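One structure is given here, and the rest of the page talks about it.
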Amino acid sequence: MVTGTLNVESLLEKMTAELSVLMKHRQIEDPFIIGIRTGGVWIAEQLHQALDIQSPLGTLDISFYRDDFSQIGLNPSVQPSQLPCATEGRDIILVDDVIMSGRTIRAALNELFDYGRPASVTLVTLVDLQRRQLPIQADVNGGVLTLDTDQQVKLNGPNPLTLEISTKTS
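According to the UniProt record's numbering, the stretch in the sequence shown is residues 1 to 170, in order.
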């Protein structure tokens, strides 16, 4: 049962504006945008285009880096990460759709550092559920959601992108 949807387009506009200001403040001129599969890639594609970034877009599949791998098993749609640029010494913009516990981001950072040591990593997420288990915060997010314990959020896409809030059924 769907209990609501959020306007992804307005969240992306807010994120683009905030990220542009942050990049100017940090003097980041040629960032390497990397999306975390799958929803993060969809958001990264939108930001990449809106900010007119010239470097190619990268994708991470963090399935093998998750700390709950033994509990949840292997994601059936694992795909290789694609990083067409070197990460060593680069300013990275890491993009995901939802930040909740921080564990996905920790896994992404572990994989990212296996490719080299970036100059900086800026974290951008579409929504923040504020249910941290690790001390990881987004630098830019589209919005904060407070959900009941029986609710979940899911990004559907890629075209159009819709953010759906639903109630879990028992």
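Even for Gly, the Cβ is constructed at its ideal location relative to N, Cα and C.
From a predicted model like this one, the values you see are computed outputs, not experimental measurements.
- Item | Nearest-angstrom beta carbon gap, T122 and I93 [assumed within contact, 8 Å] | 5 Å
- Task: State the Cα-Cα distance for the pair D30 and R131, rounded to the nearest angstrom.
- Result: 32 Å
- V41 - DSSP class collapsed to helix/strand/coil: Here DSSP, grouped into helix, strand and coil, assigns V41 to helix.
- Message: For residue 174, report the span of its alpha helix (DSSP H) as first-last.
- Response: The displayed coordinates of the chain run from 1 to 170. Any statement about residue 174 would go beyond what the structure contains.
- Query: Which whole-angstrom value is the C-beta distance of L47 and L19, which I expect to be below 8 Å?
  - Reply: 7 Å
- Message: Taking the alpha-carbon of S120 as reference, which of I33, V8, L6 and G143 has the nearest alpha-carbon?
- Response: A check of alpha carbon separations from S120 across I33, V8, L6 and G143 identifies I33 as the nearest.
- Task: Check the DSSP bridge columns for Q82 and list the partner residues they point to.
- Result: T59
- From which residue to which residue does the beta strand (DSSP E) around D91 run? D91 to I99
- Message: Using CA atoms only, rank isn't needed, just tell me which of L161, N156, Q152 and P158 is closest to T167.
- Response: Q152
- Task: Flag this pair as yes or no: are the beta carbons of I136 and I36 separated by less than 9 Å?
- Result: no
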